[in-house]
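Residue numbers (the working numbering), protein chains in the order written: chain A, 49 to 374; chain B, 49 to 374. Written out below as structure tokens is the structure these notes cover.
Number of protein chains: 2
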Amino acid sequence: MAERAGVGIGTVSRVINNSPAVRPETRAKVQAVMEELGYVPNPHARRIAGGRSYTVSVLLPFVGTEFYLRLLEGIEAELGERRYDLALFPLLSKRRLERFLNSSALAYHTDGLIVASYDLAERFPGGRLPTDRPVVMVDARSRAYDSVFLDNALGGRMAAEHLLGLGGPIFAVQIEEELDRAFASTVFSARIGGFRAALAQAGAPLPERHVFRTRLSAEGGQMALQRFLEIESPPINVFAAADVVALGVMEEAVRRGLAVGRDVRVLGFDGQPWTAARGISTLEQPVEKMGHTAARMLIERLQGHTGGVRHERFEPSLVVRATTSV
Amino acid sequence: MAERAGVGIGTVSRVINNSPAVRPETRAKVQAVMEELGYVPNPHARRIAGGRSYTVSVLLPFVGTEFYLRLLEGIEAELGERRYDLALFPLLSKRRLERFLNSSALAYHTDGLIVASYDLAERFPGGRLPTDRPVVMVDARSRAYDSVFLDNALGGRMAAEHLLGLGGPIFAVQIEEELDRAFASTVFSARIGGFRAALAQAGAPLPERHVFRTRLSAEGGQMALQRFLEIESPPINVFAAADVVALGVMEEAVRRGLAVGRDVRVLGFDGQPWTAARGISTLEQPVEKMGHTAARMLIERLQGHTGGVRHERFEPSLVVRATTSV
DNA sequence: GGGTGTTCTGGAACCGCTTCCCACGTTGTC
DNA sequence: GACAACGTGGGAAGCGGTTCCAGAACACCC
């Protein structure tokens, strides 16, 4: 760029990489010129010269649910701030995974990985991905890598407490798989697990027939409520392990002319943005924050942080809305 | 790499970029050494030296449906063959779009764009994206750019013909929007449009009350069938503008104890892989082929092809299965 | 004021390629 | 046999940065 800032190329580079060894006035002067010229360092040149790529790969099964989109928001925001680029790899197929592993992506385009694909690491021996780059896992416990995760069991316990407070029989919808793709349901199991444990502890264990298993869809919720109403008459309380399912429960209740919040109380999980508009109570996941943290942890590794594997735990927060306020 | 192939660096480069000015024996010799050493040219170096990035950006709203995944398969396969990289940008939010437009991605990482986000271009004056790089659109007509698209209206006509052949009253499920995100339904409109036109032409125009509008979900199909059965008694024929909806229709029929294929005939649209297992008749989109073509068209532009805007049209193919074979 | 450290700064060397110009060996021509 | 013309190949220069080393500038101290 412009050594027309009256400085040497080395100094410019130092400013770009904000090395501390630049006098503040000098830095300011250079930055002013950069600003003026709209100068942006060529990432390829930096990569080749510096040996780093300033790019982080994010592996996930797909991008389509609010969860992943919000996670990405968080990750991107953090990466952007630190001037890192992001490369996205939805891996929903072995073919695509293999292509990724063999592509130059791993070899040249990636300083580190954020993996939000639960079972991915477990396909490899020792739970270690075939790469020597640093890795941060999202929502998947791992002995080998740093991770961020939501305490789903805690969420389940919170749900139990909340519903117990409402009085009346309690039911739960467990999610098993998603149409057409294998879903590692450990997340959902943990939610229901915590839920059951808390109920049992409170002296009101959940009968097996009060649990309905279904796919991750609104229809699943509809079917669940149908079943529950065959067992008990209103008012009843339903814990749906995911918001979409809670939506289905609610819709079915409405269809039957039942008063949601009175006859049928339903509590979701995830904190999807649209639950607000529909008055659905839910356990909100701090997804964006988790994204931020994942990115930050990775960058710390990239900047040389060594030390033991770290796991950052996040807690859901209960948002009470119309569907559970009597 | 190894000038241990006994040639100069220029020759190696010529081999990599398969320039014709290399004698076959020389080329073979170099390639052998490359193979032996497992040599892969550093893309960053190529980018900086060559001024090109050998990377194509794919913009889409999200990645999660079979449609986009298959499209990506096609695009990636073609790009991989031509030794191009792919960068993926799910843009489902203005924030992310802006971030993309301002990132170094456009400036440095992208030789060209494949845009599979229907309405994206229309947000800009003249339907032109704010870039001077070549663009290929998928499933969106554009005056400005090359495109590939499916003839949805034709699909609708094919559906009409097929259902007319079965005899009995005809219904249609129109898709309006998807939960929580604006869906440019022009695709679905075209399908139903063609369907209606063909019926009218055959002297059996579709009554307004035979059309049910709903979201893109299986539940929508269930509700539709419910409504239809209030109007007519079996056997009836249903054209669902999307496979998921057809699935819902089918499930509802089963739930009511009706014989699918006899009492209720339903025809989907899209050709989702799972329709085969469930015996759902559908209009199959050649999605992967469309991806291939889009990538090829773009690369041709990148390699200097000029000339007028081209539009490649694709036709769906009717796959008859149990749901419409009496 | 000179000596001695510290900070800062300039720029050569280099990263791994592409490009371009020049040279070399062949073949074809008169 | 001399000379073009052409098909190939070699390698210097350059792409836009980072790194590192040497030197300049400034403080501080005796």
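Here a beta-carbon is modelled for each residue, glycine too, at the ideal position from N, C-alpha and C.
| Check | Outcome |
| --- | --- |
| Just to confirm my understanding: we take B:E114, look at its own chain, exclude 5 residues before and 5 after, and list those with CB closer than 7 Å. What are they? | Q320, P321 |
| What are the boundary residues of the alpha helix (DSSP H) that A:L120 is part of? | 114-129 |
| Which residues in the same chain as A:Y116 place their Cβ atom closer than 6 Å to its Cβ, once the five residues preceding and following it in sequence are excluded? | L108 |
| Does the structure place the segment 286-298 of chain B close enough to the segment 263-278 of chain B that three or more beta carbon pairs sit under 8 Å? | yes |
| If we ignore side chains and look at the alpha-carbon of each, how far apart do A:G112 and B:G112 end up? | 5 Å |
| Comparing C-alpha positions only, which one of B:G215, B:T59, B:H92 sits nearest to B:K77? | B:T59 |
| Which residue marks the beginning of the beta strand (DSSP E) containing A:H359, and which one marks its end? | 359-362 |
| Is A:T179 helix, strand or coil when you go by DSSP? | coil |
| Which residues bound the beta strand (DSSP E) around A:P138? | 133-138 |
| How would you list, in chain order, the residues of chain A whose beta-carbon sits under 7 Å from the beta-carbon of B:T113? | G112 |
| Where are the alpha helix (DSSP H) runs, 4 residues long or more, that stay fully inside the segment 306-333 of chain B, in chain order? | 321-326 |
| Pairs of beta-carbons, one from the segment 120-129 of chain B and one from the segment 326-345 of chain B, closer than 8 Å: are there three or more? | yes |
| Return no unless some Cβ of chain A is closer than 8 Å to the Cβ of B:V316. | According to the sequence provided, residue 316 of chain B is Gly. The question's Val does not apply to it. It does not: the Cβ of B:G316 has no partner Cβ on chain A nearer than 8 Å. |
| For the alpha helix (DSSP H) containing A:V60, list its first residue and its last residue. | 57-64 |
| Measure from the alpha carbon of B:D194 to the alpha carbon of each residue in B:S373, B:R358, B:V367, then state which is nearest. | B:R358 |
| Alpha carbon to alpha carbon, how far is A:L346 from B:A135? Give it in angstroms, no decimals. | 21 Å |
| Is the beta carbon of A:P91 sitting closer than 8 Å to the one on A:L350? | no |
| At which residues does the alpha helix (DSSP H) containing A:F205 begin and terminate? | In the sequence under discussion, the amino acid at residue 205 of chain A is Arg, which differs from the Phe named in the question. That run of the alpha helix (DSSP H) goes 200-214. |
| Name, going along the chain, the residues of the segment 263-285 of chain B whose beta-carbon falls closer than 8 Å to a beta-carbon of chain A. | S265, A266, E267, Q270 |
| Would you check if there are 3 or more beta carbon pairs closer than 8 Å linking the segment 204-217 of chain B to the segment 171-179 of chain B? | no |
| For a contact meaning CB atoms closer than 7 Å, what does A:E124 contact in chain B? | R147 |
| Under the DSSP definition of a beta bridge, which residues are partnered with B:F219? | B:V286 |
| Within its chain, find whatever has a CB closer than 8 Å to the CB of A:V202; leave out the 5 residues flanking it on each side and keep chain order. | It should be noted that the sequence gives Leu, not Val, for residue 202 of chain A. Within the same chain, A:L202 has close Cβ partners G242, E363, P364. |
| Could you tell me the alpha carbon to alpha carbon distance between B:G99 and A:R71, rounded to whole angstroms? | 34 Å |
| Going by alpha carbons, who is nearest to A:A53 out of A:T74, A:N65, A:G128? | A:T74 |
| In the DSSP assignment, the alpha helix (DSSP H) including A:G160 goes from what residue to what residue? | Taken as a continuous stretch (DSSP letters only), A:G160 belongs to no alpha helix (DSSP H), being part of the beta strand (DSSP E) at 160-163. |
| Could you give the residue range of the beta strand (DSSP E) that holds A:F260? | 259-262 |
| Following the continuous beta strand (DSSP E) through B:S105, name the residue where it begins and the one where it ends. | 103-108 |
| Against chain B, does A:L85 count as a neighbour if the rule is that its beta carbon must be under 8 Å from one of theirs? | no |
| Which value, in whole angstroms, describes the spacing of the CA atoms of A:P217 and A:G268? | 20 Å |
| Can B:E209 and B:A246 be called in contact, C-beta distance under 8 Å? | yes |
| What span of residues does the alpha helix (DSSP H) with B:S365 cover, start to end? | First-last for B:S365: 365-367, but that is the beta strand (DSSP E), not the alpha helix (DSSP H). |
| Is the beta carbon of A:A169 closer than 8 Å to that of A:M185? | yes |
| For A:F236, report the span of its alpha helix (DSSP H) as first-last. | 234-249 |
| By how many angstroms is the C-alpha of A:G316 removed from the C-alpha of A:V368? | 10 Å |
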